[in-house]
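Notes for the one structure printed next.
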Amino acid sequence: MIQTYKVICARPDLWSVANAMRTWDEGLFRHSVSVADLAVLVARELGFSEREVGAVQLGGFLHDFGKTTWPKCLISKQELSSDDIKIVQVHPLTGAALVKEHLPSIEELVLRIIEEHHEKPDGTGYPRALKEIGPLSRVVSAVECFVALTEERPYRSRTYTPGEAVEIALSGGFDSKTLGVVLKLLKKKEEGVVGIVGA
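Have a look at this one:
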């Protein structure tokens with residue numbers, strides 16, 4: 000959490016967005032920081048440039064900002080109605096628009112990550128069911144799924160171990176290259192070489 004938190008603290012514009020997120024829900028803020036930190040580790044392992052790694056970090060942190068427009072009760076529901084699902088499935092687009100409004104100079108790379116963070120390479124994601132998604136979006140999408148599976152959620156009875164989370168994400172159509180790196184980082188964690196979110 001320290002890495003992304005330092006970036007947020009160093010930028011007043013990001014701090015304002017972070018405060019809005021944290022005020023709406025502390026769990027959302029923690030999840031967003033966890034996704035950003037792990038996505039940075041994965042992106043570096045995959046050989047992305049520092050500019051791309053920076054975009055992954057911001058996209059990872061801001062990916063769920065659209066949730067701040069939801070009725071608060073939505074995050075604690077165990078079952079979603081059809082109307083709830085419609086709200087959920089547009090939050091990537093809503094979030095990108097909100098981020099652009101709050102951070103006018105934000106890179107298009109970051110906005111694309113936010114818009115595509117629930118898309119999957121097999122075309123079964125949302126909101127657009129894209130089959131062609133950006134390489135940075137693939138990283139954040141898979142990492143977000145992994146992190147979410149290791150966290151408590153009202154709609155399931157338990158959290159998953161990191162190993163289980165990787166297997167579930169793989170079977171769910173998320174980027175296998177990204178998840179392979181997550182497994183590699185998990186192994187390093189076991190060996191005491193690197194810290195990893197959710198492990």
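Here numbering that gives the first Met the number 0 is used: position 191 in the sequence shown is 190, and no number is missing along the way.
Cβ atoms here follow ideal geometry from the backbone N, Cα and C, with glycine treated the same way.
Take residue i and list the residues in its own chain whose beta-carbon comes closer than 6 Å to its own, dropping the five residues that flank it on each side.
| i | result |
| --- | --- |
| R21 | F28 |
| L102 | D12 |
| Y154 | Q77 |
| S81 | none |
Using a threshold of 7 Å, is the CB atom of residue i nearer than that to any non-hydrogen atom of the ligand FMN?
| i | result |
| --- | --- |
| L27 | What this structure holds is no ligand at all, so the ligand FMN is not there to describe. |
So residue i and residue j are in contact, right, with Cβ under 8 Å, and what is the actual spacing, rounded?
| i | j | result |
| --- | --- | --- |
| G124 | C144 | G124 to C144, Cβ: 10 Å. No contact. |
| Q77 | V39 | Wrong, their Cβ atoms sit about 33 Å apart, outside the cutoff. |
So, using beta-carbon positions, are residue i and residue j closer together than 8 Å?
| i | j | result |
| --- | --- | --- |
| V32 | Y4 | yes |
| V180 | L45 | yes |
| K65 | H30 | Here residue 65 turns out to be Gly, not Lys, going by the sequence shown. No. Outside cutoff. |
| V138 | V55 | yes |
| L73 | I86 | yes |
| L135 | G26 | no |
| L61 | V16 | yes |
| E115 | I132 | yes |
Along the chain, where does the alpha helix (DSSP H) that runs through residue i open and close?
| i | result |
| --- | --- |
| W23 | P11 to W23 |
| A141 | P134 to L148 |
| L79 | L79 -> no alpha helix (DSSP H), and no H or E assigned at all. |
| L227 | Since the displayed the chain opens at 0 and closes at 198, residue 227 lies outside it and no answer follows. |
| P161 | P161 to S170 |
| I105 | Careful: I105 lies outside any alpha helix (DSSP H) and carries neither H nor E. |
| A54 | E49 to L61 |
Quick one: what's got a C-beta closer than 7 Å to residue i's C-beta in the same chain, skipping five residues either side?
| i | result |
| --- | --- |
| W14 | I7 and C8 |
| F173 | K119, S140, A141 and C144 |
| A198 | Legend: pLDDT at A198 = 48, less than 50; position of this residue unreliable, no value from coordinates given. |
| I167 | L148 and Y159 |
Excluding sequence positions up to five away, which residues of its chain have a Cβ less than 8 Å from the Cβ of residue i?
| i | result |
| --- | --- |
| K176 | L45 and R137 |
| K99 | I105 and L110 |
| L92 | G65, E114 and P126 |
| D83 | L73 and K76 |
Handout entry: Touch test, the stretch 119-129 against the stretch 157-166, Cβ-Cβ under 8 Å, three pairs minimum
Key = Result no; under three Cβ-Cβ pairs closer than 8 Å.
Handout entry: At least three beta-carbon pairs within less than 8 Å, the stretch 141-155 to the stretch 95-112
Key = The stretch 141-155 vs the stretch 95-112: no contact.
Exercise for the section: Please determine if the stretch 33-47 and the stretch 133-142 are in contact, where contact requires at least 3 C-beta pairs separated by less than 8 Å. Expected result: They touch, by the three-pair rule.
Handout entry: Cβ contact (3+ pairs, closer than 8 Å) linking the stretch 125-136 and the stretch 12-21
Key = As far as the Cβ criterion goes, the stretch 125-136 does not touch the stretch 12-21, which means the pair count is below three.
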